[in-house]
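Undergrad: Next up is a structure, given as structure tokens.
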Amino acid sequence: MKTHAKILSLSLFTAASAVAQDAEKITYEDHVRPLLENKCFSCHSPDKKKGDLDLTSFGALMTGGGGGAIVDSGNSDASRLWTTCAKKEEPFMPPEGAPLNAKELEILAKWISGGLLETKSSVAKKSAKPKVDMAVAVTSGKPEGPIAKPEHVLLEPVIVTPRTTAVTAMAASPWTSLVAIAGTKQILLYDTETRQLAGIFPYTEGYARSLRFSRNGSLLVMGGGKGGKLGHAIVWDVKTGKRIVEVGKEFDQVMSADISADHKMVVIGSPSKKVKVYDTATGEELYTISKHTEWIMGTAFSPDGVLLATSDRNGNVMVWEAANGGEFYVLGQHKASCTDLAWRADSNILASCSMDGTISLWEMSEGKQVKNWAAHGGGVQSVSFTPDGKLISSGNDGLVRIWDINGNKIGEAASQGDIVTKVIALHDSQSTISANWRGEIKVWSVEAKMAEKGQLSSNPPLIAQRIVESEKQATALVSQLPEVEAKLKKAQEAVQAAEARLGETKKKTADAQARVALLENEIKELPAKIAASEQAVSEAQAKKAAQAELLKKHDQSLAEIKAVEAALAKLNADKAALTKPEDAPKVAEATKTIGEQSAKLEALKKATATAPQPVAEFDQAIKAAQDQVAALKAAKPAKEKELPVLKKGLEAWPKSIADNEKQIAGAKAALPAIQAQLADQKAQIAVLQKLPTILKAAQFNVGVLTEKEKLAKLEGDFNDYTAAKKENEEAKVANAARIESSKKVIAEAVNQIPQHEATLAKLKAELEGIEKATEPTRAMDAAAAAKLDENKKNLAAREAEVAALVKVRDEGTAAAKTAAEGIQKAIDPLAKKLAEVAAKLKTPEEQVKSKLANAAKFEANHATAKKTAAALTADLPAREKAVTAAEAALPPLVAAIQTSDKALSEARRATAEAGRSIQPVRQEITKAEKAVADAKAKNENAQPLEQALAAAREKLATVEKQAADSAMKLADAQGNFDARRAAREAAEKALTEARQTLGKTKNELRAANTSIAQTEKQISQSKAELAAAEKAAAPHRGQHESLTKEIAAQKAALAAKQAIPAALQAEFAAKSQPLNEAIAQLKAAQPPLEKAFAEAHAKLEAEMKVVEAKKLEVGQSITALEAAKKKKTEAEAAIAAAEKDTPQRDKNLAEINAELAKMQPQLDPLRTKVKQMEEQYFTMLPK
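Below, the structure is given as structure tokens:
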């Protein structure tokens, strides 16, 4: 056994092994290869390898062909080697020649079910189908816990190509910043926040045509393959990067694949025009949808997992129940290939796009199209819903566009100048990613004017190159940082300066507004203030006058004080002088007066104690008030002049403020972009500064992953060998036990077989004697039975003959009666039908008569018209001749009248001239007569004048004679003209009458011909109508005649049928009489024969019971003997098989122990190495 083959086959297939121990092992070398050699090697050899498949060796067969593996251990129904040969799956094999027969198919099935053994010493393999249940609960929102992202997976590209190519597939995780992109021989995963590679999933079998993340983002499903060779779907664990499911074994690439929200199903669609859904737990096909008529271009489970949408290259869009593939909606059809499908997050709206340039939206309540619009010229390549319900699309026009749910365009990116093959919306609804035919991948903002935020590479360089590039980029970005910071500072200072300008402008505006309000108030109050000031002047002047009066009174009081003081001094002096007693009254009076004057003085002094304010002070107040009035009056024009200037200035301030605010807004608007640029640059710097460390660790991790893969393989092989060792050891123990138990069985059988043989011989001899003793009884029973049987047969024959006669009579009678009844039943409706036909025939017959009358009338009219036409035709030449003669007579008359007219004109001219020449002559005579009279009155010589007068008179006579001659000629000419005109008019009249007569004749002839045509038409029509009437009547006539004949025939048949029963009865009586007599004789002979048979048969039955009992003993003895022999044979075979298998098991165990001995020393060091490398890898990662 070859080492490589052993390692491939060490996994234990327990059930197959158990079967293999008890039955012959079906192996490739002993059974399958000879079978395939006869049927398949001509096409599937190393030289030809049709379908990239070689069947001539075990290893090549296990490798499979261009479509992948062709056998699945333990599962023949999932093995294409068997399904294609059994005609269960196309292409049927072999394509030519005789197919595999049932026995050959059974060998193939047993080989596959038995674990794909290469030789009898091989160990069965286990199925490659997934055995893990990946089902998860479906949630409507974000799943609990962290969202899956690749952790410690491969970051080294599988291949770096010289140039990029079209990106055929992309997908975005629904809940985090992770996208998957189809590259060459690999799937690239990028973190869209850092725009760095997050992982690489190798895919070297072909090309990815579709990518989708599972609903919770933990799985990535790819549909793809190799055109014309291979098609399948692969599911990766996003976190570990491990392949966990592979389904589909198509012969062409899979165009689209998806995984259900609960992870239980994977759907694929391919050029086979079929949609296939597989169970992820078992890998089994759950159902197939075959309703599409072209390549399947799109498959998509709804986010809630309830529905499955599919589309094809004919533009059809359909929806199915995801659970069972039942038809849900046949939505409609685009005018060209439907290129992509996308579900809205709530599963209520499905979007489809097509190469006809349109996008359609379908609702799932009634399966109706709710929107359809032209989106891209030349065709739409891709559609994707954002989580918040907007729609992103890309097309052959090189554009990416954003639409609202009503199909209104709300955003567009700059043209990429080539086909945009794919577009995906990211989880945050703020960004989208597009890929084009050149392999460019661009990140865009989701806004009206879509801004390019960055790019991703579809052909990333090796880690070593990325380390260098990241260090360069980090250095470049760090060097650019001061410039960006300065740019930000400048922008911030611009905002501050603009805000300061705005504050100053607003302050100036406020000051101006306050000044305007003050001026308006002052101008408004100025008249009142002037009036008040003028009032103050008046009041001050009044106060001055009053004060002057007070001063005057004060001066008067002072003068009066002086006068009173003087008077008091005199009174005191006078009183002092009154010393005499008699002066006492005077003294008293003087005292009283002094007292009064003193009081008056005191009052005056008191009143004048405070001197009044000087008038000069009032002059100052008056001047101040007058100055204020003058100032107010002088200020008014200046304020009135200043106010409109301020107001006009204020009109410009709002614009200035708006401009400043606009400048601030512009400056502030520029800030976020710069801040974002700075933050992005700092973030990029942070990422790029860490990236070399990460990439160096990733570079080291390539080795770690390689060693882990080696360890996993080694541990797998070790476990397989360990399991195989256990199985072989158990098989040896079982062989030993089987040998011992089989030996016991053989010993028992050896003792039992002679006993069984002796018993069988004795029983056979006894049976032979018993059977011989029954022979006389058997002969007697047979003779009695023969006689009885013969009598019964004769009796039965005679009774049968009578029964046949009865049957013939009864059947004939019944048939005749039935026939008679049938005929009568047939006659009644025929008679009724005849009456109906006669009634129906009445109207058509009347129509025929009417049409005949019409035809006769039209033919008479036709004859009359023809007669008239003939007569008119005969008159026509004479009429034409008369016209010709009249036309010939007219030209000479016309010429003669023209000559007469000319002569008449000449005569008229001559007469007119003669008439005109008379008047001058007469005037001349009158003048001459006057001259003569004047001369005579004057007694002058009048002779010359008289001679002149005589000459004038002679001239007048001549002229008048000429005039008379002209008049006569005119009369002659007029008469001649009148005569010729009358002749012409007569000729014209004759011509007119001839023409009228000819015209009338022709009209009458035309009328006659028209009448002929009309009557011919009427005759034709009447004949057609007559024919139609005849035709209409013909069926009824024919039916009437047919029915009449049929009724007569039926009545004749009825009479014949009614006569049959009597004839049959007579015939029966004649034939049955001799038969009845024979029957009576046979019946009389039967009882003695029956008694004799009963006695003989009873005796035979009694003897046969003994025979049957003995036969049963013989059969039991034979069974016991055969069972003993079989046990002995099976036990001997079991011993031989066990003895043959045990050395092979020993050989297997030796080989297994040798392999285990090789592997055991490798395990711990490799485990230690992997652990150390992992620890080292983790220490290399940035903290």
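In mature numbering (1 follows the signal peptide of the UniProt record, and there is no 0), the protein residues as written are -20 to -1, 1 to 1163.
All residues carry an ideal CB built from backbone N, CA and C; glycine is no exception.
Can you tell me which of the three DSSP states residue 1157 falls into?
TA: For this step, residue 1157 is matched to residue 1177 along the sequence shown. Helix.
Undergrad: Would you identify the three-state DSSP class for residue 279, choosing helix, strand or coil?
TA: As a first step, residue 279 is located in the sequence shown; it is residue number 299 there, counting from the start. Correct three-state label for residue 279: strand.
Undergrad: With a threshold of 16 other CB atoms inside 10 Å of the CB of residue 242, please say whether the residue is buried or exposed.
TA: One-based indexing of the sequence shown puts residue 242 at position 262. Classification for residue 242: buried.
Undergrad: Under 7 Å: does the beta carbon of residue 500 sit that close to some heavy atom of the ligand PLP?
TA: You won't find the ligand PLP in this model; it holds no ligand whatsoever.
Undergrad: Label residue 140 either buried or exposed according to how many other C-beta atoms from any shown protein chain fall within 10 Å of its C-beta, with 16 as the threshold for buried.
TA: Position 160 of the sequence shown, counted from the start, is the residue given in the question as residue 140. Flag for residue 140 reads exposed.
Undergrad: Secondary structure at residue 333, three-state DSSP: helix, strand or coil?
TA: The sequence position of residue 333 within the sequence shown is 353, counting from 1. Residue state, collapsed to three classes: strand.
Undergrad: Following the continuous alpha helix (DSSP H) through residue 234, name the residue where it begins and the one where it ends.
TA: Counting from 1 along the sequence shown, the entry for residue 234 is found at position 254. Looking at the DSSP string, residue 234 is not in any alpha helix (DSSP H), and its letter there is neither H nor E.
Undergrad: Am I right that residue 718 and residue 178 are in contact with their C-beta atoms under 8 Å? What's the rounded C-beta distance?
TA: Indexing the sequence shown from 1 puts residue 718 at position 738. Indexing the sequence shown from 1 puts residue 178 at position 198. About 59 Å; that fails the 8 Å criterion.
Undergrad: Between residue 894 and residue 943, which are expected to be in contact by the criterion C-beta below 8 Å, what is the C-beta distance as a whole number of angstroms?
TA: Within the sequence shown, residue 894 is the residue found at index 914, counting from 1. Within the sequence shown, residue 943 is the residue found at index 963, counting from 1. Their Cβ separation, rounded to whole angstroms, is 4 Å, which keeps residue 894 and residue 943 in contact under 8 Å.
Undergrad: In whole angstroms, what separates the C-alpha of residue 971 from that of residue 986?
TA: Start at 1 with the first residue of the sequence shown, and residue 971 comes out as number 991. Start at 1 with the first residue of the sequence shown, and residue 986 comes out as number 1006. Between residue 971 and residue 986, the C-alpha separation is close to 22 Å.
Undergrad: If I follow the unbroken beta strand (DSSP E) through residue 318, where does it start and stop?
TA: The sequence position of residue 318 within the sequence shown is 338, counting from 1. 318 to 323 is the span of the beta strand (DSSP E), which, as asked, contains residue 318.
Undergrad: Between the alpha carbons of residue 1145 and residue 168, how many angstroms are there, rounded?
TA: As a working note, residue 1145 is residue 1165 in the sequence shown. As a working note, residue 168 is residue 188 in the sequence shown. Each residue's Cα considered, the two are about 33 Å apart.
Undergrad: Could you tell me which whole beta strand (DSSP E) segments of length 3 or greater appear in the segment 573 to 652?
TA: Runs of the beta strand (DSSP E) inside the segment 573 to 652: none found.
Undergrad: Contact between the segment 152 to 166 and the segment 187 to 200: three or more CB pairs below 8 Å?
TA: A contact exists between the segment 152 to 166 and the segment 187 to 200.
Undergrad: Just confirm the distance between the C-beta atoms of residue 411 and residue 426, as a whole number of angstroms; I'd bet it's less than 8 Å.
TA: One-based indexing of the sequence shown puts residue 411 at position 431. One-based indexing of the sequence shown puts residue 426 at position 446. Between residue 426 and residue 411 the Cβ distance is about 6 Å, and since that is below 8 Å, they are a contact.
Undergrad: Give every residue of the same chain whose Cβ lies closer than 6 Å to the Cβ of residue 733, excluding the five residues on either side of it in the sequence, and list them in chain order.
TA: Here residue 733 refers to the residue found at position 753 of the sequence shown. For residue 733, where only same-chain residues beyond five positions count, the Cβ hits under 6 Å are 1104.
Undergrad: Could you tell me the alpha carbon to alpha carbon distance between residue 589 and residue 549, rounded to whole angstroms?
TA: For this step, residue 589 is matched to residue 609 along the sequence shown. For this step, residue 549 is matched to residue 569 along the sequence shown. Taking the straight line joining both Cα atoms gives about 21 Å.
Undergrad: Would you decide whether residue 957 is buried or exposed? Buried here means 16 or more other CB atoms lie within 10 Å of its CB.
TA: To locate residue 957, count along the sequence shown from 1; it is residue 977. Counting Cβ neighbours within 10 Å, residue 957 comes out buried, since at least 16 surround it.
Undergrad: How should residue 647 be labelled, buried or exposed, when 16 other C-beta atoms within 10 angstroms of its C-beta is the threshold for buried?
TA: Along the sequence shown, one-based indexing puts residue 647 at 667. Residue 647 comes out buried.
Undergrad: Report the option in 43, 7 and 85 whose CA atom is closest to the CA atom of residue 19.
TA: Along the sequence shown, one-based indexing puts residue 19 at 39. Checked all of 43, 7 and 85; the closest Cα to residue 19 is 85.
Undergrad: Would you kindly report the start and end of the unbroken beta strand (DSSP E) that includes residue 1225?
TA: Past the edges of the chain, shown from -20 to 1163, lies residue 1225, and the structure says nothing about it.
Undergrad: For residue 925, which option in 248, 936, 587 and 904 has the closest C-alpha, if you only look at C-alpha atoms?
TA: Along the sequence shown, read from residue 1 onward, the residue named residue 925 stands at position 945. Comparing Cα-Cα distances from residue 925 to each of 248, 936, 587 and 904, the minimum goes to 904.
Undergrad: Considering only the alpha carbon of each residue, which of 453, 87, 783 and 599 lies closest to residue 528?
TA: Here residue 528 is taken as the residue at index 548 of the sequence shown, counted from 1. Looking at the Cα atoms, 599 is the closest of the given residues.
Undergrad: Less than 8 Å between the C-beta atoms of residue 316 and residue 291, yes or no?
TA: Counted from its first residue, the sequence shown places residue 316 at position 336. Counted from its first residue, the sequence shown places residue 291 at position 311. For residue 316 and residue 291, no; Cβs fall outside 8 Å.
Undergrad: Any idea what DSSP makes of residue 683, helix, strand or coil?
TA: Counted from its first residue, the sequence shown places residue 683 at position 703. Helix at residue 683.
Undergrad: Hey, residue 246 and residue 201 are a contact pair by Cβ (cut 8 Å); roughly how many whole angstroms apart?
TA: Position 266 of the sequence shown, counting from 1, holds the residue named residue 246. Position 221 of the sequence shown, counting from 1, holds the residue named residue 201. 6 Å between Cβ atoms; contact.
Undergrad: Measuring only the C-alpha atoms, how far is residue 860 from residue 978?
TA: Stepping through the sequence shown from its first residue, residue 860 is reached at position 880. Stepping through the sequence shown from its first residue, residue 978 is reached at position 998. So the alpha carbons of these two residues sit roughly 6 Å apart.
Undergrad: How about residue 404 and residue 650: are their beta carbons less than 8 Å apart?
TA: In the sequence shown, residue 404 corresponds to position 424, counting from 1. In the sequence shown, residue 650 corresponds to position 670, counting from 1. Contact flag unset, no.
Undergrad: If residue 237 and residue 248 are in contact, beta carbons under 8 Å, what's the gap, nearest whole angstrom?
TA: As a first step, residue 237 is located in the sequence shown; it is residue number 257 there, counting from the start. As a first step, residue 248 is located in the sequence shown; it is residue number 268 there, counting from the start. With a Cβ gap of about 5 Å, residue 237 and residue 248 count as contacting.
Undergrad: Tell me where the alpha helix (DSSP H) around residue 841 begins and ends.
TA: Taking the sequence shown and counting its residues from 1, the one referred to as residue 841 is at position 861. Segment 755 to 917, the alpha helix (DSSP H) holding residue 841.
Undergrad: Between residue 272 and residue 357, what straight-line distance do the alpha-carbon atoms span, to the nearest angstrom?
TA: Against the sequence shown, residue 272 aligns to sequence position 292. Against the sequence shown, residue 357 aligns to sequence position 377. In a straight line, the C-alpha of residue 272 is about 26 Å away from that of residue 357.
Undergrad: When the Cβ atoms of the segment 305 to 315 are set against those of the segment 329 to 346, are three or more pairs found closer than 8 Å?
TA: Yes, they touch.
Undergrad: Are there three or more Cβ pairs, one per stretch, closer than 8 Å when the segment 279 to 289 is compared with the segment 324 to 341?
TA: The answer is yes - the segment 324 to 341 touches the segment 279 to 289, with three or more Cβ pairs under 8 Å.
Undergrad: With a cut-off of 8 Å, does the C-beta of residue 202 fall near any C-beta of chain D?
TA: Absence of chain D from the displayed structure is noted, only one protein chain being present.
Undergrad: Which same chain residues end up closer than 7 Å to residue 65 when comparing Cβ atoms and leaving out the 5 residues on each side of it in sequence?
TA: Reading the sequence shown from its first residue, position 85 is the one you call residue 65. Counting only Cβ-Cβ distances below 7 Å, and skipping sequence neighbours, we find 73, 80, 85 and 88.
Undergrad: Look up residue 60 in the DSSP assignment and say whether it is helix, strand or coil.
TA: Translated into positions along the sequence shown, residue 60 becomes position 80. Helix at residue 60.
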